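In what follows, a structure is listed as structure tokens, so that the remarks can point back to it.
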Amino acid sequence: MPNLDLLLLKGPSSGNIAQSLDDLRYTILTTGVPANSDGMSELRIYIWLILLNAPPIRSEIYLDLVRQGASPAYAKIRNDTFRTLATDPLFRRRVTENSLTRVLNAVAWKLHDAHEARVNGWMSPPTLSMHNGDFGGSPDVSLRSRSSLAGTVTEGSEAGAGAHETMVGYVQGMNVLAAPFLYAARSETEAFVAFERFITREVPGYVRGSMDGVHKGLALVDAVLEIVDPKLSKHLLGKGMKAEIYAFASVLTMCACTPPLPEVLLLWDFLLAYGSHLNILCIVAQLVLIRDQILGSPSPNQVLRQLPPLQASKVSAIALTFVPKIPEDVYEQIVNHAK
């Protein structure tokens, strides 16, 4: 089991990057990322950057985007930022609305510049060179099969690169997705790098204009619930309660919409380590945790209107028990739904 401080300071002791990443994931699963009661950790953002294979950038690159001023999506961004985790005192104390606005606007500019370059056949503008080979980085392991839960990487996310060729602009909900990165980061530049990498490599289907990845994810919540708990699934469907009614925010925000924030960060440690696609199973796990309450209610909508406080350890543990129950074809859909 690796010493996290030593690993971040010196890198893999054996030079075996893949094995060190497996050890890092296992440490996250078994002992977690050291943090205080507010979820603050000196290590978390760097662990996330490693897991996302997001190499550092010069601060000047981020500042150049900020200096470009209001992006085409600026009005939409300002309409969202003031209500981002508005009732969470920890977030409001640490992250200002201006900081969130700057990061979202910079990402919107980068997506806009990338789209313009592709459409017009330009050479890549400077903002597209963030993740080139000059910065090195760990192997890209963001797209994993179920065998990765045992530590085996089977496929690289670059295979799905074509899936986000059509991704442009800002969509509502990106503000909540950005929030954990800003809370965990020690600078806006770090938050920008991690967030941009996450939405363009892990969940591009969530932030395309059609949000097709979110809708696929909602259908998969229904499918997984039917597999792992047929009785609960039948009860909800009998009341007209498909996942699209109660789980949209949970899918789109990777459960960041469900407080408390320190538990969200713990869940994200798990999701970034073993695959963001597992959020689908984590949503179902939250339903299973309150199944008796749902089954006993004549109006499940009232129960599901606001999920109980997130319990990351319980949710991730239950989610992992679902994995062997899910047919291969369905699991493949889960892995790929957000691409």
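Heads up: the sequence shown begins at 1223 in the numbering used here, then just goes up one per residue.
Where a beta carbon is used, it is the ideal one built from N, C-alpha and C, also for glycine.
It should be emphasised that the depicted structure is a prediction, and the values quoted were computed from it without experimental measurement.
Considering Cα atoms alone, identify which of R1419, K1298, L1287 and I1239 is closest to A1328. Your numbering for residue 1328 matches position 106 in the sequence shown. Comparing Cα positions, the closest option is L1287.
Other residues of its chain near G1373: CB distance less than 6 Å, five sequence neighbours each side excluded: For the purposes of this step, residue 1373 is taken as residue 151 along the sequence shown, with counting starting at 1. For G1373, the pLDDT reaches just 39, beneath the cut-off of 50, and the residue's location in the model is therefore unreliable, although a value from the coordinates is still provided. Sequence-distant partners of G1373 (beyond 5 residues in either direction) whose C-beta falls short of 6 Å from its own C-beta, in its chain, are D1244.
What separation, rounded to the nearest whole angstrom, lies between the Cα atoms of P1277 and R1419? If you number the sequence shown from 1, residue 1277 lands on position 55. If you number the sequence shown from 1, residue 1419 lands on position 197. For P1277 and R1419, the distance between alpha carbons rounds to 10 Å.
Per the contact definition of three or more C-beta pairs closer than 8 Å, is the stretch 1420–1433 in contact with the stretch 1392–1401? Taking 8 Å as the limit for Cβ pairs, the verdict is that the stretch 1420–1433 does touch the stretch 1392–1401.
Does the separation of the CB atoms of L1529 and Q1508 fall below 7 Å? Taking the first residue of the sequence shown as 1, we reach residue 1529 at position 307. Taking the first residue of the sequence shown as 1, we reach residue 1508 at position 286. Result yes, Cβ atoms of L1529 and Q1508 sit closer than 7 Å.
Evaluate A1560 with the Cβ neighbour count: other Cβ atoms within 10 Å of its Cβ, from every protein chain shown; 16 or more gives buried, anything less gives exposed. Reading the sequence shown from its first residue, position 338 is the one you call residue 1560. When all chains shown are included, A1560 counts as buried.
Does the Cβ of N1523 lie closer than 6 Å to at least one heavy atom of the ligand FAD? Ligands are entirely absent from the displayed structure, and the ligand FAD is therefore not among its contents.
Is M1476 helix, strand or coil when you go by DSSP? Taking the first residue of the sequence shown as position 1, residue 1476 is located at position 254. DSSP places M1476 in coil when its eight states are reduced to three.
What would DSSP say about G1261, mapped onto helix, strand or coil? Position 39 of the sequence shown, counting from 1, holds the residue named residue 1261. In this structure, G1261 counts as coil in the three-state DSSP scheme.
L1542 versus Q1290 - alpha carbon distance: Mapped onto the sequence shown, residue 1542 falls at position 320. Mapped onto the sequence shown, residue 1290 falls at position 68. Rounded to whole angstroms, L1542 and Q1290 show a C-alpha spacing of 44 Å.
How would you label D1551, buried or exposed, when you count the other beta carbons within 10 angstroms and need 16 or more for buried? If you number the sequence shown from 1, residue 1551 lands on position 329. By the neighbour-count rule (16 or more Cβ atoms within 10 Å), D1551 is not buried but exposed.
Stretch pair the stretch 1250–1269 + the stretch 1289–1303: three plus CB contacts closer than 8 Å: At 8 Å Cβ cutoff, the stretches do not touch.
Could you pull out every residue in the same chain whose Cβ sits closer than 6 Å to the Cβ of Y1468, ignoring the five residues on either side in sequence? Here residue 1468 is taken as the residue at index 246 of the sequence shown, counted from 1. Excluding residues within five positions, the ones whose Cβ falls inside 6 Å are L1526.
Take V1393 and list the residues in its own chain whose beta-carbon comes closer than 6 Å to its own, dropping the five residues that flank it on each side. To locate residue 1393, count along the sequence shown from 1; it is residue 171. Shown here for V1393: same chain residues with a beta carbon closer than 6 Å to its own, the five before and five after excluded, namely V1429 in chain order.
Beta-carbon proximity check, F1212 vs S1538, cutoff 7 Å: There is simply no residue 1212 to check, as the chain begins at 1223 and stops at 1561 in what is shown.
From the DSSP output, in three-state form, read off S1432 for me. Mapped onto the sequence shown, residue 1432 falls at position 210. In the structure shown, S1432 sits in coil (DSSP, three-state: anything other than H, G, I, E or B).
With DSSP as the reference, label F1403 as helix, strand or coil. As a working mapping, residue 1403 is identified with position 181 in the sequence shown. For F1403, the secondary structure class from DSSP, reduced to helix, strand or coil, is helix.
Does the Cβ-Cβ distance between P1522 and K1461 come in under 7 Å? In the sequence shown, counting from the first residue as 1, residue 1522 sits at position 300. In the sequence shown, counting from the first residue as 1, residue 1461 sits at position 239. Taking a C-beta distance under 7 Å as the contact criterion, P1522 and K1461 qualify as a contact pair.
Taking the C-alpha atoms as reference points, what is the distance between N1501 and S1519? Residue 1501 sits at position 279 when you count from the first residue of the sequence shown. Residue 1519 sits at position 297 when you count from the first residue of the sequence shown. If you take the alpha carbons of N1501 and S1519, they lie about 25 Å apart.
Among the candidates S1259, V1450, T1475 and R1300, whose CA atom is the shortest distance from the CA of V1567? Outside the shown range of the chain, which is 1223 to 1561, sits residue 1567, and nothing can be said about it.
Would DSSP call T1318 helix, strand or coil? Taking the first residue of the sequence shown as position 1, residue 1318 is located at position 96. Residue state, collapsed to three classes: coil.
Between the beta-carbon of W1270 and the beta-carbon of L1494, is there less than 7 Å? Along the sequence shown, one-based indexing puts residue 1270 at 48. Along the sequence shown, one-based indexing puts residue 1494 at 272. The answer is yes: Cβ separation under 7 Å.
Three-state secondary structure assigned by DSSP to M1396: Numbered from 1 along the sequence shown, position 174 holds the residue referred to as residue 1396. Correct three-state label for M1396: helix.
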